[in-house]
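The structure appears right after this line, and notes come after that.
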Amino acid sequence: MYSQKISVITINYNNCKGLQRTLRSVLSQTYPMLEYIVIDGGSTDGSVEEIRKLESNIDYWVSESDKGIYHAMNKGIRKATGDYCLFLNSGDSLHDVNTLSEFSACLMPNDDLLMGRIVCIPSGHIGYSDIHYPLTFMDFYLNNPVPHPACLIRRSLFERHLYDESLRIVADWKFFLQVVILEGCTYHIVNNIVTDFLEAGISSNKLKCEEERKCVLRQLIPEAILIDYYRFEKGSNYIDCPYDNFFSDLRKYNSHMARIIYSFMVAGIKLFSYIFPSLRFARRYLGRIDL
């Protein structure tokens with residue numbers, strides 16, 4: 029029945045209270061083929077003492093400085109020996125004591141990924157309840173369709189790609205884009221609630237997240253394909269240039285300040301286009317932005 033070894037990897041840095049919750053949830057699991065790895069970034073808040081209290085039940089742990097979240101995750105991957113990896117950062121917890129037993133029972137023989145659901149804490153919202161099979165590039169372009177804290181990942185996938193340590197927020201999104209869309213790995217999606225996920229983490233920085241996503245898309249996707257997705261989202265006349273990107277961002281982040289900035293720019297462009305005829309081309313943007 030329990031044929032797959034699962035390596036749960038926890039990343040922590042100065043989050044002693046959250047780490048306590050995560051440690052309890054993992055070490056109370058009824059699933060027998062469990063390997064637990066804890067990567068601490070050199071915490072000074074008592075986290076190391078908490079790990080030491082339970083180290084007889086932890087297969088590997090280390091506390092040392094690292095270069096960020098994804099560097100720490102890659103360190104955990106290199107130490108893992110399981111068939112599948114599950115990433116559960118400090119503060120998050122497995123939903124109940126039978127979570128891994130019930131979730132792993134859903135694995136099909138050829139699954140590279142198994143995706144479940146998360147419960148967002150404290151809102152109680154069920155995350156990723158709208159993801160569907162099959163995932164497409166549009167799903168990745170518009171959002172992040174893979175629930176990283178509720179996803180079993182076949183460890184051999186990391187032999188092709190580790191997490192990109194140059195990215196601060198979206199390296200997991202890049203990894204799933206590569207293996208699911210560009211390489212066609214096998215996966216399926218179930219309704220099991222796997223993880224109680226603390227909201228307002230680092231990935232809640234939406235502006236930085238979008239900036240990194242754009243860099244990844246330009247790196248991995250040919251421009252001739254990507255421009256069609258830009259036009260689908262931003263309008264058929266969209267051109268990938270500073271003018272269109274600026275106005276599009278103003279529309280996307282529809283706020284009072286954006287309206288004020290836009291109003292001043294409209295007035296300025298109109299004025300200068302009459303004074304300097306060579307700038308009249310810029311007026312074509314005025315009718316395309318609806319704030």
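Residue numbering for the sequence shown follows the numbering used here, beginning at 29 and increasing consecutively. Even glycine gets a Cβ: it sits at the ideal position worked out from N, Cα and C.
Work out the CA separation of residue j and residue i for me, nearest whole Å.
i, j, result
"residue 299", "residue 170", "37 Å"
"residue 67", "residue 201", "21 Å"
"residue 73", "residue 106", "26 Å"
"residue 248", "residue 188", "15 Å"
"residue 37", "residue 133", "20 Å"
"residue 86", "residue 216", "30 Å"
"residue 156", "residue 254", "25 Å"
"residue 181", "residue 241", "21 Å"
Give me whichever residues DSSP pairs with residue i in a beta bridge.
i, result
"residue 201", "According to DSSP, which records beta bridges pairwise, residue 201 is partnered with nothing at all."
"residue 171", "Note: residue 171 sits in no beta bridge, so no partner."
"residue 143", "179 and 217"
"residue 40", "68"
"residue 155", "146"
Using the three-state DSSP reduction, which class does residue i fall into: helix, strand or coil?
i, result
"residue 191", "coil"
"residue 135", "coil"
"residue 117", "coil"
"residue 3", "For the chain, the structure presents residues 29 to 319; residue 3 sits outside this window and is missing."
"residue 255", "helix"
"residue 91", "strand"
"residue 61", "coil"
"residue 8", "Nothing can be reported for residue 8, as the shown portion of the chain is limited to 29 through 319."
"residue 35", "strand"
"residue 314", "Because the pLDDT of residue 314 is 46, which lies under 50, any placement of that residue in the model is unreliable, and the number read from its coordinates should be weighed accordingly. Helix, per DSSP."
Would you please state the rounded distance, in angstroms, between the beta carbons of residue i and residue j? I believe it to be under 8 Å.
i, j, result
"residue 110", "residue 234", "Actually they do not touch by this definition, with Cβ atoms about 33 Å apart."
"residue 191", "residue 128", "With a Cβ gap of about 22 Å, residue 191 and residue 128 do not count as contacting."
"residue 99", "residue 222", "No, residue 99 and residue 222 are not in contact; Cβ-Cβ is about 25 Å, not under 8 Å."
Quick check: does the Cβ of residue i come within less than 6 Å of any heavy atom belonging to the ligand MG?
i, result
"residue 168", "No copy of the ligand MG appears in this structure; indeed no ligand is present at all."
Which residue wins for smallest C-alpha separation from residue i, given the options the options?
i, options, result
"residue 144", "161, 150 and 138", "161"
"residue 225", "87, 116 and 93", "116"
"residue 164", "242, 206, 112 and 95", "206"
"residue 95", "217, 219, 194 and 252", "194"
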